[in-house]
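Peer 1:
Residue numbers (our numbering): 13 to 262.
1) Using a Cβ distance threshold of 8 Å, determine whether the stretch 203-219 contacts the stretch 109-123, with at least three qualifying pairs required.
2) Could you name the residues of the same chain whose beta carbon sits closer than 8 Å to that of residue 240, not counting the 5 residues immediately before and after it, in chain order?
3) Hey, quick one: how far does the alpha helix (DSSP H) through residue 172 stretch, first residue to last?
4) Is it buried or exposed for residue 83, if we count other Cβ within 10 angstroms and need 16 for buried?
5) Confirm, please, whether the CB-CB distance from residue 114 to residue 155 is below 9 Å.
6) Beta-carbon within less than 8 Å of residue 211's beta-carbon, same chain only, minus the 5 sequence neighbours each way: which residues are those?
7) Would you call the CB atoms of residue 49 and residue 105 closer than 9 Å?
8) CA-CA distance, residue 148 and residue 99?
9) Please go through the stretch 71-123 and give each complete beta strand (DSSP E) segment of 3 or more residues, from N-terminal end onward.
10) Buried or exposed for residue 62, please, with buried defined as at least 16 other CB atoms from any protein chain shown within 10 angstroms of its CB.
11) Does DSSP classify residue 215 as helix, strand or coil?
12) Pick helix, strand or coil for residue 255, following the three-state DSSP scheme.
13) Buried or exposed: residue 69, going by 16 or more other Cβ atoms within 10 Å of its Cβ?
14) Between residue 35 and residue 54, what straight-line distance do the alpha-carbon atoms span, to the nearest angstrom?
15) Contact between the stretch 85-95 and the stretch 131-142 is defined here as three or more beta-carbon pairs at a separation below 8 Å; is this criterion met?
16) Consult DSSP for residue 228 and reduce its assignment to one of helix, strand or coil.
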């Protein structure tokens with residue numbers, strides 16, 4: 013065998029070996045079951061995302077990728093279909109995390125707003141109403157533009173704080189005669205229970221006496237408590253319905 017012929021033979025052998033190695037390294041073909049599993053995974057991630065009532069913008073990447081995945085599956089390109097479905101699932105998971113972070117941040121801001129509203133004097137009924145409206149949106153999972161609305165409330169609170177009357181927080185104690193006949197003087201309590209009940213009497217004040225408001229507690233949309241200080245210096249909680257003043261509007 014001539015040198016030239018031997019070289020050609022060796023070359024063919026090398027090419028054959030390389031082709032064999034390449035074939036061995038190829039990934040196994042994607043099966044329909046694998047594609048179905050990828051689609052199911054993407055659907056589950058999307059269902060979780062939809063629990064947060066996302067905007068169309070937050071679901072765009074998922075919807076776009078799944079449309080492409082469906083088209084690839086229809087054409088028989090299962091490898092591409094699986095890849096696109098997995099990408100769609102990742103996009104949905106990412107969107108959920110973004111929304112969770114935004115919601116948590118908005119909740120922290122609204123809790124801050126609540127604390128500030130509770131210290132404003134006179135009590136601002138408009139701010140309180142806006143607070144409860146925003147609070148209800150968390151329960152309803154109405155998160156669209158929520159963070160911006162909470163920020164707007166904080167701006168209003170800051171403006172109101174500058175106008176807040178600090179020097180005189182006097183309120184007049186007033187209870188109906190039925191209460192006086194049953195309990196005598198109006199009671200002041202040590203704490204408000206998680207159930208919204210006043211607990212442990214720390215002092216009493218006669219009807220018509222003045223107390224100083226320290227702060228309020230926005231317990232629920234229907235229930236507000238006042239933390240007051242008596243003339244003797246005792247502090248405790250009272251129900252709003254037993255107080256009269258320009259700020260008591262509940």
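The C-beta atom is built at its ideal place from N, Cα and C for all residues, glycine as well.
Peer 2: Reading from the atomic positions:
1) no
2) 183, 200, 223, 224, 225, 226, 247, 248, 249, 250 and 255
3) 158-175
4) exposed
5) yes
6) 201, 202, 203, 204 and 205
7) no
8) 34 Å
9) none
10) exposed
11) strand
12) strand
13) exposed
14) Here the model assigns residue 35 a pLDDT of 49, short of 50, so the residue's position is not dependable, and the following value carries that caveat. C-alpha separation (whole angstroms): 31 Å.
15) no
16) strand
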